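> Chains as they are written, first to last, in the numbering used here: chain A, 14 to 431; chain B, 14 to 431.
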DNA sequence: ACAGCTTAGTTCATAGCCTTAATCGTGGCG
DNA sequence: CGCCACGATTAAGGCTATGAACTAAGCTGT
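(1) Which residues of chain B have a Cβ atom closer than 8 Å to the Cβ of residue 365 of chain A, listed in chain order?
(2) I need the straight-line Cα distance from residue 138 of chain A to residue 77 of chain A, nearest angstrom please.
(3) Look up residue 343 of chain A in the DSSP assignment and say whether it is helix, strand or coil.
(4) Starting from residue 157 of chain A and walking both ways along the beta strand (DSSP E), at which residues does that stretch end?
(5) So what does DSSP say about residue 431 of chain B, is it helix, strand or coil?
(6) Reducing DSSP to helix, strand and coil, say where residue 422 of chain B ends up.
(7) Can the beta-carbon of residue 203 of chain B be found closer than 8 Å to that of residue 228 of chain B?
(8) Within the same chain, show all residues whose beta-carbon is closer than 8 Å to that of residue 54 of chain A, passing over the 5 residues directly before and after it, in chain order.
(9) Whole angstroms are fine: how far does the CA of residue 197 of chain B sit from the CA of residue 417 of chain B?
(10) Suppose only complete runs of 3+ residues qualify. What are the beta strand (DSSP E) ranges in the segment 99 to 169 of chain B, listed by chain order?
(11) Report the residue from B:153, B:186, B:154, B:158 whose alpha carbon sits nearest the alpha carbon of residue 167 of chain B.
(12) Contact criterion: CB-CB distance below 8 Å. Does residue 52 of chain A meet it with respect to chain B?
(13) From which residue to which residue does the alpha helix (DSSP H) around residue 23 of chain B run?
(14) Any C-beta of chain A within less than 9 Å: which residues of the segment 334 to 345 of chain B qualify?
(15) To which residues of the same chain is residue 340 of chain B closer than 7 Å at the C-beta, ignoring the five residues directly before and after it?
(16) Whose C-beta lies closer than 6 Å to the C-beta of residue 223 of chain B among residues of the same chain, with five residues either side of it excluded?
(17) Taking the alpha-carbon positions, what's the residue 242 of chain B to residue 225 of chain B distance?
(18) Are residue 256 of chain B and residue 278 of chain B close, meaning C-beta to C-beta below 8 Å?
(19) From the DSSP output, in three-state form, read off residue 88 of chain A for me.
(20) Can you say whether residue 386 of chain B is buried or exposed, counting buried as having 16 or more other CB atoms within 10 angstroms of its CB?
(21) If we ignore side chains and look at the alpha-carbon of each, how far apart do residue 200 of chain B and residue 159 of chain B end up?
(22) Are the beta-carbon atoms of residue 292 of chain B and residue 321 of chain B separated by less than 8 Å?
(23) Does DSSP put residue 399 of chain A in a helix, in a strand, or in coil?
(24) Under 7 Å Cβ to Cβ from residue 327 of chain B, same chain only, skipping five residues before and after it: list those, please.
(25) Quick one: which chain A residues come within Cβ less than 7 Å of residue 253 of chain B?
(26) Please list, in chain order, all residues of the same chain as residue 5 of chain B whose beta carbon is under 8 Å from its beta carbon, the five residues on each side excluded.
(27) Could you tell me the boundaries of the beta strand (DSSP E) in which residue 204 of chain A lies?
(28) Return the first residue and the last residue of the beta strand (DSSP E) that residue 250 of chain A is part of.
(29) So, does the CB of residue 27 of chain B fall closer than 8 Å to a CB anywhere in chain A?
(30) Measure the alpha-carbon distance for residue 20 of chain B versus residue 211 of chain B and round it to whole angstroms.
(31) So, with DSSP's three-state summary, where would you put residue 382 of chain A?
(32) Looking at the secondary structure, which residues open and close the alpha helix (DSSP H) in which residue 367 of chain B lies?
(33) Kindly indicate which residue of B:305, B:115, B:273, B:264 has the alpha-carbon position closest to the one of residue 282 of chain B.
(34) Just to confirm, is the Cβ distance from residue 110 of chain A to residue 95 of chain A under 8 Å?
(35) So is residue 31 of chain A buried or exposed if we call it buried at 16+ other beta carbons inside 10 Å?
(36) Identify the contact partners of residue 129 of chain B in chain A, using a Cβ-Cβ distance below 8 Å as the criterion.
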């Protein structure tokens with residue numbers, strides 16, 4: 014129940030947004046097709062499209078002949094109208110990537126983080142430095158960068174300051190958006206990494222075409238990105254989707270969150286390896302880090318390993334069933350490095366177990382798939398944040414004049430660019 | 014990412030909707046105040062309000078003097094512009110109620126259902142008969158009834174036909190909306206009863222003022238209505254919120270759904286009484302029906318009862334914590350007859366247990382309250398369905414001419430009106 | 001009693017938007 | 001070269017909200 018007036022200008026903006034979104038999503042289209050699919054009159058389509066061509070936002074993509082008539086002019090969003098920068102602040106490194114408007118990656122910079130709890134100021138410095146680095150690398154004027162999207166772990170309150178709470182980084186109420194905004198005029202968007210990965214999967218991966226989906230991510234931690242009606246579900250304070258710490262086994266295993274019986278304690282990588290160690294009389298799976306240990310476990314064919322993995326699939330299926338019962342999605346996309354490792358081997362069994370635990374009808378309405386994009390998709394998903402804004406606003410005039418990007422607090426380490 | 018054009022007429026409709034909603038929600042308001050709070054120009058407010066007064070939709074509610082100026086004219090939605098009928102198809106009776114636009118109940122009819130799986134045709138006949146009965150009783154022209162909202166148990170697919178799937182009624186794909194539409198011209202809205210009760214609580218009960226809330230209902234069955242951004246969350250096929258059959262105790266008690274470890278098997282009335290019986294060496298709690306048995310259990314102070322109830326609160330808290338983690342609401346409203354019975358005695362402990370199971374931050378952002386409205390609120394919530402439509406559309410002209418309501422297939426039983 | 005002030009609400013000219021209908025542009029066909 | 005088919009543009013018209021000027025209604029002080 015929104016209480017905002019509508020003015021005559023909103024109308025034009027809304028219609029520009031409709032056209033721009035169609036053109037961007039459904040590839041090159043003629044004015045005629047645009048008229049059909051948007052129900053706008055051809056005159057308005059011409060008018061609005063003409064304006065956008067004048068701004069350089071839309072361009073002619075080619076002609077298509079018709080039998081005995083004027084050939085149709087195909088239109089597309091001009092890939093070089095502007096550029097998008099997406100950044101992924103991970104636990105071990107910061108990745109910054111530059112995309113054009115077709116979401117083609119043009120440049121990339123990476124900054125290792127070797128401390129467990131990096132200083133926010135240093136992260137900001139890395140990000141601003143990365144912003145300059147990728148534009149230089151791609152030979153792109155920073156003034157044409159439409160926005161910087163940043164993905165971080167933890168919850169991000171959607172206020173103007175983009176306050177970040179991240180236990181894994183040791184951040185408590187860091188106004189990352191405001192800090193970045195102090196260093197550059199380029200519009201900044203900050204969001205949770207699971208949500209940006211989910212966004213990327215929805216647009217370019219296993220979620221394509223779905224309007225209601227849950228992207229379930231299983232790694233060391235366990236989380237989910239919920240998409241309803243095409244947009245990310247945030248809840249009152251943007252922390253919705255905390256799937257990992259829902260209770261699935263009342264009074265069960267202790268979880269690192271301090272609680273008992275969390276899903277994460279059973280299907281998170283740490284939980285799986287820990288359970289294997291217990292089942293294996295204290296001897297852990299081989300492998301240096303968690304990832305190789307889990308790989309080893311998946312390859313080994315001992316009875317103990319089988320039993321532990323079987324149990325894991327059981328818990329995972331029950332957890333996915335809970336998502337299906339509560340959110341009634343049309344698709345569940347399973348991802349995260351551990352989720353993919355499990356899914357690649359056990360997907361049919363996961364489906365089976367889920368079917369047993371979920372209500373019949375919601376289960377029948379949902380399909381369960383695996384993520385299609387690699388972990389780099391977090392940065393791409395972050396870059397979709399400014400893209401969404403561009404589409405929603407029907408394109409905005411680029412800021413005039415030189416764009417300020419302060420990289421004053423020089424990062425202590427040169428980026429590894431490639 | 015909607016793909017609908019906007020025309021100049023949509024604008025007027027949208028602004029009418031904004032004004033009407035404000036007037037309806039925030040009581041009598043002057044044109045000036047409306048201008049302030051909607052950001053519409055005074056000229057437009059006057060224009061739009063004038064139109065709505067002309068239609069009889071809005072009326073003058075009084076004057077308020079000001080020191081040295083023209084007195085303000087207060088406006089309100091005319092209560093008698095139209096009427097709303099809400100119906101609750103319960104397991105034992107059908108209740109039909111007539112409301113004016115201030116949601117004041119004016120008439121009521123009740124039809125007992127004595128079979129476990131009532132024939133859809135008979136239910137439709139009862140509903141149509143009730144529609145006539147309440148209008149006659151209140152002396153209201155059926156032509157002024159703006160809509161009939163019907164609440165049923167089970168899931169309701171939101172298509173035009175309002176297909177109902179209800180295991181408890183033994184209905185499988187009953188197009189209740191289409192069947193009712195065949196019997197009357199009055200616009201029909203069908204929705205799930207938990208969702209309509211949730212809607213009523215949100216507007217008039219414990220949910221007032223919240224934009225993100227979960228109404229958790231515990232009775233014989235267990236379910237939840239999720240409200241996000243002021244509207245009911247439905248998911249892909251309208252069956253979202255199936256909280257009762259989420260797994261909370263992996264490989265736990267068998268549930269009537271056939272699965273193991275469902276929340277409902279622990280905190281549903283049947284589950285509680287069953288667990289008590291087991292703990293009490295096979296002797297059930299006294300009392301005829303479930304409701305009085307649970308009441309008896311709550312009053313008894315034996316150690317066994319205490320233990321069972323304590324455990325119940327534990328499971329319930331964990332279940333509520335799951336809702337908080339997944340949906341990040343600003344409020345959780347606990348209801349349903351068993352939920353209220355438990356909540357009245359144990360609310361502080363429920364809060365405590367929930368705090369232990371939920372993540373700290375989402376828990377701190379949510380408050381846990383009890384439902385404030387009685388079970389009659391299901392019908393009132395159903396009546397809000399046409400009200401929502403009226404507000405969303407900014408008022409619609411009433412259908413001209415006589416309104417058809419066929420009550421041909423006479424119900425076999427006279428209604429008990431009062 | 002009446003001018004002067006204050007606040008509420010209305011009227012009117014204007015700019016902006018989309019739509020329908022007519023017109024222009026471009027290519028194929030006989 | 002005339003005709004036709006189809007795409008795109010231009011022109012005329014109907015709606016909408018807005019701002020400025022204007023009217024309405026009540027209070028205050030002389």
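The beta-carbon is built from N, C-alpha and C at its ideal position, and this holds for glycine as well.
In this text, all values refer to a predicted model and were calculated from it rather than measured experimentally.
The short version:
(1) Correct list: empty, because the minimum Cβ distance to chain B is about 14 Å.
(2) 49 Å
(3) coil
(4) Per DSSP, residue 157 of chain A belongs to no beta strand (DSSP E) and is neither H nor E.
(5) Residue confidence is low: residue 431 of chain B scores 41 on pLDDT, short of 50, so the model does not pin down where it sits. Its coordinate-derived value is still stated next. The answer is coil: DSSP assigns residue 431 of chain B none of H, G, I, E or B.
(6) Reliability fails at residue 422 of chain B, whose pLDDT of 49 lies under 50, so the model's placement of it is uncertain and the value that follows must be treated cautiously. Here residue 422 of chain B sits in coil by DSSP.
(7) Taking 8 Å as the Cβ cut-off, residue 203 of chain B and residue 228 of chain B do not qualify as a contacting pair.
(8) 48
(9) The alpha-carbon atoms of residue 417 of chain B and residue 197 of chain B are separated by roughly 5 Å.
(10) 106 to 113, 118 to 125, 158 to 165
(11) B:186
(12) yes
(13) 21 to 38
(14) Residues of the segment 334 to 345 of chain B whose Cβ lies closer than 9 Å to any Cβ of chain A, in chain order: 334, 335, 336, 337, 338, 339, 340, 341, 342, 343, 344.
(15) 227, 239
(16) 343, 344
(17) 6 Å
(18) no
(19) strand
(20) Counting every other CB atom within 10 Å of its CB across the protein chains shown gives residue 386 of chain B a total of 16 or more, marking it as buried.
(21) 7 Å
(22) yes
(23) helix
(24) 366
(25) 339, 340, 341
(26) This structure cannot settle anything about residue 5 of chain B, because the visible part of chain B is limited to 14 through 431.
(27) Segment 201 to 205, the beta strand (DSSP E) holding residue 204 of chain A.
(28) Per DSSP, residue 250 of chain A belongs to no beta strand (DSSP E) and is neither H nor E.
(29) yes
(30) 34 Å
(31) strand
(32) 350 to 370
(33) Ranking the options by Cα distance to residue 282 of chain B, first place goes to B:305.
(34) no
(35) buried
(36) Ordered by position in chain A, no residue passes the 8 Å Cβ test against residue 129 of chain B, which lies about 20 Å from the chain.
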